[in-house]
Every structure is written in structure tokens, then in C-alpha cells.
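S.K.: Could you have a look at this structure, given as C-alpha cells, before my questions?
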Amino acid sequence: MSIYKTTISQKSLWFINSLGGKARSAYNESLVFSISGILSLDALNWALEKLLCRHEILKISFAKDSQGEIFQIINENIKLDIKILETDEEHIHSLLLETIEKPFELGQAPLFRINIYALNPDFNYLVIVHHHIITDGFSSGIFLQELSFFYNKYLKNEKFDDLNKPKSYFEHTAFENSHYLTLEYQKKTKVLSETLSDYLGMNFLTTLKNKQDLDIFSGDRVYFQIEQKMYRKIKDFCKNYQFTPFNFLLTVYTIFLSKYIRSHDLVIGIPFMNRSSGFEHTLGFFVNSLPMRVKLNPDSNFIETAGFIKNRIYSLLDKQNVALDSITSQHSLSRLIQTMAVWAVNENSLLDFQGVEINFENKYFSRTSKFDFSLFMIEKNKAEVDAYFEFRIDLFDKALVEQLAKSFQILIENILIDPNIFVTNLSMLNESEKIWMKKHFFKSKLDRVVISSLGEIFSETAQRFPDRVSLVLENKKINYLTLEQKSNQWACYIRKKYRQLYNIEMPSDTLIALCFDRNEAMILGILGILKAGGAY
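Each step along the sequence shown adds one to the number in this note's numbering, with nothing skipped, and position 448 is 448.
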């Protein structure tokens, strides 16, 4: 039995798994394929046996010693026999979801599973699920490529002497553990931490429903596509301005988030491969996500903003081995990363078994979300992009996210029409929506807006919707009625204090200074001053 140290990132996933509930399946990485034709079970089992011999990471389990240290153990006698289970159309959906979401026991190897569900002799569903603690997106591609390679070797009755095994993943973990102690690592961690000083987090405009009973890892997805015609325009734009498609779409996503949460200060998680030379064919959990802080200048155009973000990405490249936990430990925020932007290419990720037709089924996935709201983009054959938003269902309604997906695509279109327009003037509405808004909203509301102050409008809203959420601060939600009552108390206090100081009633538009952190008191202060007739 061989024992090895774990990386900081592996320890983090161990801890998350120990939280229980949906956290135990949040890091299940699944792939579902439909296969038309006769699948060879013997070839598949032989191919899997070859992979187990080549990659020790497929045979590991995890344990904790008496000092609380997590370590990984190679279980040499692992054997995984794949079986075909017969089912029907009525039950296949629930069986696939059950397989995808079934938690792994990290103390028991193997930490992956392969199931085959047969609807008839020549139509099957193949499900492959790994725990993220032993894999990443690039490793999944390697796994599928090698599984296909050995499957086809077996069908051709060709021998294969595996003399060129890839580097062991445990060489990587040994290097990581020694590197954590170096001065170079500490310097990189310090530089990254300093870029995040005074960052206050992102407050998403969440749903109004009370969903506190839901597990925070409960999630869903909304799929959409950047079609060939649109993607061709994006690639032409990128060629002209020396951007990559990811650079372009990441900039769009940054602007999109900024407009949605109404803040120019954001942190977006960016995954980096974190593979040293020689590990190109090694399976394992290498990928590392880093927080990229962006302070948008609303008076810059899209081209300038994309250039700025391009430089921010480059500045992170030499720090891609700095573990997120090393950075998080130096900040008071419980979560530095609330959103991710992930780019992948699927050219080498699909199975290629001879004699059968295979299709990737993206409609089957774990109903979990690792972050509040994230964008995933998969480039298909350099011609189009399949994308989806993954989101926490205790924060977002699916109907809202479906609308956000449309808004994201409209924003892309508007940027391509005029990339020189200032960020602040970029719209997430198309022309027909703008006309509708002018006709149905602005015109009918104009009189009220002219004669009403903000304080009066807020009071009117509180009367109409007293129980609706009006303010969200991290995990705290305050309804309109509570905010109305507290802000009225502030207004009375301000007017009373003014009378005590100056022996007269406070004139309208009296300037009152505010000095608060971004918290509940700041909002109450603003509303209280406005309701008292002052200005802040």
C-alpha cells in the first residue's frame, strides 16, 4: 500500500465533501453518451484495465491520520467490471440522474464509475462519473482518448506494450507540497492577495422567493448557443484586434455581470491548467482557479476593456500554481470567488469507438452548482460555442436565467455592431425591446417620476410590496416594510438632531455627509437623509 500527500486543492475538496448534503455530489464530474450500434463489453473492460495500469490516480482513496492530516492511498487490487443494465424509456432519465448524483465515499476506491444502460441490444447510454478530486476537464479528455484507443486496439486484436507510461500524478503532488514552502510561492500569494484588498464581494440581485430551506449547492443550468454566423463575426473581430475568443467572451461576461449587479468592481474565477512540462498525458486534479479582480472603467470602450482584461489574464499565468485556499486565508470574505468563467474545447473530448455512432448528451448533469452563478463555454470544432449558465436555485429562478441568457447574446450583438461605444452605454436590450420599454414603461411612468422623490417612491413600493425582499447583504435579506420603518426612524432622528443644533427646521436639500462601509447602515442613511428632505 503506497501513501502520498495531498495538494491544498485536494484537501479543499475533501473538506467540502465532509459538509454533507448536496456538497457530496457537487464535485461529481459526469459525461453521458448515447451509443447506437453493438457495444463490445469485453473491449470496454479490457480498455479500462489498461487505464487502471497506466494511471495510479484511478486507484486511490483518501484517509485522515491521527493528526487530522489528509493523505491518499493507492489500492493496488482495484478491479472494476462494467456491466450492462437493461432499462426502458420510462426509467432511463431517473437512472441516469441517480448515477450522476450518487455521492462517492472518498475513503473507498475507485472514485469513478462507469455504467451502461441498454434500451435495446443496439442502443445504450454510457455514463462516466469521476469525483473532481482525481480529475479535471483536461484529464477527462485524456481518459476518453485512451479509453477509445484501447477499445479499438482490442477490436483489431492488436497488442500493446505500455512501455511509455505517463508521469505519475504523485510527482506533481510532491512538487506542489515542496513548492508551498518556498519564498517564491509566498511572494506570488502576497501579490495576488494585495490585488484583492478592500474587495467587498458581489451582491447578486436574487429572487424574491424565500428559499432558505434549499441546500446552497442545489443548482441548475440554462443552455444556449453562440451559432456559427455569430461566432464567425467574433473570430473575425478577435483577429483584427489580437484577442482570443475566450478573451472576447470573458470581457462580454464581465460587462454583463457589472450591469446586472450594478457594480464596476468584480472578481471572476478563471481556471488554469497548472500542468508542468511532462504531465501532458497524466490523469489527475491539476486545474487551479484564481480570482481575477476587474475594476471596470465605464468610460472605456469595449476594445479598451478587452485589452485591460487580456493583460489581467496574462498577469495570472505565472501564478497559476497558487492554491485558492492560500489566498482566501488572508481575507475576511468567506468566498472570494462567487462566479466562474470557464472555456473548453471539445475536439478531443468525445469518445471514438469503432463500429458505433456516439453522441454526447448534455441534458444530463448533476443538479448542483459550485458557485452562485457561472458561465461555461465549449467551443465545437472551432465553428460554434455551446454555453450554459450554472446557478444556485436558492438565488435564481430558472425563468430569470433564461432571460439573462438572451440578454448576454444581445450584448454580444450590440458590441459587434459598435465596439467603440462606452461600456456604460452598452445595452442588453435589442431594438424591439427598447421600443417596447419606451412605449410601455417610460411613457406611463414619466409623470410619477417627475413629481415624486426617491423617498416617496420607496414608501409607495413598501406599501404595495411590504414582504418582498428589498435589500440583500451577503446571506441577510431585508424586506421593504422593515427598511421603510427603519429609514423613517433615521429621517425623524436627522430632523430632530438638526432642530437641536440650529433651532430651526431643516431646509430642503441640506447637505449631510455619510461615512459608512457598504452595509445596511449605509442604505438606511441614504434613505433617511432623502426622506428628511436632505441630500447626501
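Where a beta carbon is used, it is the ideal one built from N, C-alpha and C, also for glycine.
What residues match up with residue 35 in a beta bridge as DSSP calls it?
M.R.: DSSP, once it has assigned bridges, lists 124 and 358 as partnering residue 35.
S.K.: Between the stretch 163 to 180 and the stretch 4 to 19, can you find at least three pairs of beta-carbon atoms closer than 8 Å?
M.R.: Counting Cβ pairs under 8 Å, three or more are found: they touch.
S.K.: Using the rule of at least 16 other Cβ atoms within 10 Å of the residue's Cβ for burial, across every protein chain shown, is residue 134 buried or exposed?
M.R.: Under this definition residue 134 is a buried residue.
S.K.: Only counting the same chain, and skipping five residues up and downstream in sequence, which positions put a Cβ closer than 7 Å to that of residue 189?
M.R.: So the list reads 322, 326 and 327, once near-sequence residues are dropped.
S.K.: Give the single residue among 119, 105, 73 and 79 whose Cα lies nearest to the Cα of residue 95.
M.R.: The candidate whose alpha carbon is nearest that of residue 95 is 119.
S.K.: Assign residue 275 to one of two classes, buried (16 or more other C-beta atoms within 10 Å of its C-beta) or exposed (fewer than that).
M.R.: When all chains shown are included, residue 275 counts as buried.
S.K.: Would you mind working out which of 87, 371 and 385 sits nearest residue 377, comparing C-alpha positions?
M.R.: Taking only the C-alpha atoms, the option nearest residue 377 is 385.
S.K.: Any idea what DSSP makes of residue 364, helix, strand or coil?
M.R.: Coil at residue 364, not helix or strand.
S.K.: State the start and end residues of the unbroken alpha helix (DSSP H) segment that holds residue 499.
M.R.: Note, residue 499: alpha helix (DSSP H), 480 to 502.
S.K.: Alpha carbon to alpha carbon, what distance is there between residue 433 and residue 170?
M.R.: The alpha-carbon atoms of residue 170 and residue 433 are separated by roughly 55 Å.
S.K.: Is it true that the CB of residue 112 sits closer than 9 Å to the CB of residue 358?
M.R.: Cβ atoms of residue 358 and residue 112: not closer than 9 Å.
S.K.: Can you grab the Cα-Cα spacing for the pair residue 538 / residue 43, in whole Å?
M.R.: There is simply no residue 538 to check, as the chain begins at 1 and stops at 536 in what is shown.
S.K.: Would residue 124 be called buried (16 or more neighbouring beta carbons within 10 Å of its own) or exposed?
M.R.: Label assigned to residue 124: buried.
S.K.: For residue 218 and residue 26, what's the separation of their Cα atoms in angstroms?
M.R.: Roughly 8 Å between the two C-alpha positions.
S.K.: Whose C-beta lies closer than 7 Å to the C-beta of residue 447 among residues of the same chain, with five residues either side of it excluded?
M.R.: For residue 447, the predicted model reports a pLDDT of 47, less than 50, meaning its position is unreliable; a value from the coordinates is still stated below. Contacts found: none.
S.K.: Comparing C-alpha positions only, which one of 48, 64 and 148 sits nearest to residue 114?
M.R.: Of 48, 64 and 148, the residue nearest in Cα terms is 48.
S.K.: Please determine, among 411, 535, 366 and 428, the residue with the shortest C-alpha to C-alpha distance to residue 93.
M.R.: The residue with the shortest Cα to Cα distance from residue 93 is 366.
S.K.: Give me, in chain order, the residues of the same chain whose beta-carbon lies closer than 8 Å to that of residue 231; leave out the 5 immediate sequence neighbours on both sides.
M.R.: Correct list, in chain order: 245, 383, 384 and 385.
S.K.: For residue 72, is the classification buried or exposed, using 16 other Cβ atoms within 10 angstroms of its Cβ as the cut-off for buried?
M.R.: Residue 72 should be labelled buried.
S.K.: Taking just the CA atoms, how far does residue 487 sit from residue 379?
M.R.: C-alpha separation (whole angstroms): 50 Å.
S.K.: What separation, rounded to the nearest whole angstrom, lies between the Cα atoms of residue 546 and residue 392?
M.R.: This structure gives no information on residue 546, because the portion of the chain shown stretches from 1 to 536.
S.K.: May I have the straight-line CA-CA distance separating residue 294 from residue 505, to the nearest angstrom?
M.R.: Straight-line Cα distance between these residues: approximately 45 Å.
S.K.: Count the other C-beta atoms from every protein chain shown that fall within 10 angstroms of the C-beta of residue 547, then say buried if there are 16 or more, exposed otherwise.
M.R.: One cannot answer for residue 547 here, as it falls past the ends of the chain, which runs 1 to 536.
S.K.: For the putative contact between residue 410 and residue 430, defined by C-beta atoms under 8 Å, what is the C-beta separation to the nearest angstrom?
M.R.: At roughly 5 Å, the Cβ-Cβ gap stays under 8 Å, so residue 410 and residue 430 are in contact.
S.K.: Considering only C-alpha positions, which residue in the set 287, 79 and 281 is nearest to residue 319?
M.R.: The shortest Cα separation from residue 319 among 287, 79 and 281 belongs to 287.
S.K.: Do you know whose CA, among 126, 273 and 201, lies nearest residue 37's CA?
M.R.: It is 126.
S.K.: Output needed for residue 451: all residues of its chain with C-beta closer than 6 Å, excluding positions within five of it in sequence on either side, in chain order.
M.R.: A caution first: residue 451 carries a pLDDT of 45, below 50, which makes its placement in the model too unreliable to give a value.
S.K.: Since residue 167 and residue 278 are thought to touch, with beta carbons under 8 Å apart, how far apart are those beta carbons, to the nearest angstrom?
M.R.: Indeed they touch by this definition, with Cβ atoms about 5 Å apart.
S.K.: CB-CB under 7 Å to residue 402, same chain, minus the five flanking residues each way: which ones, in chain order?
M.R.: Taken in chain order, the residues that qualify are 222.
S.K.: Contact between the stretch 15 to 30 and the stretch 99 to 106 is defined here as three or more beta-carbon pairs at a separation below 8 Å; is this criterion met?
M.R.: Contact holds: three or more Cβ-Cβ distances are below 8 Å.
S.K.: Taking 9 Å as the threshold (C-beta atoms), are residue 266 and residue 257 in contact?
M.R.: A contact, by the Cβ cut-off of 9 Å.
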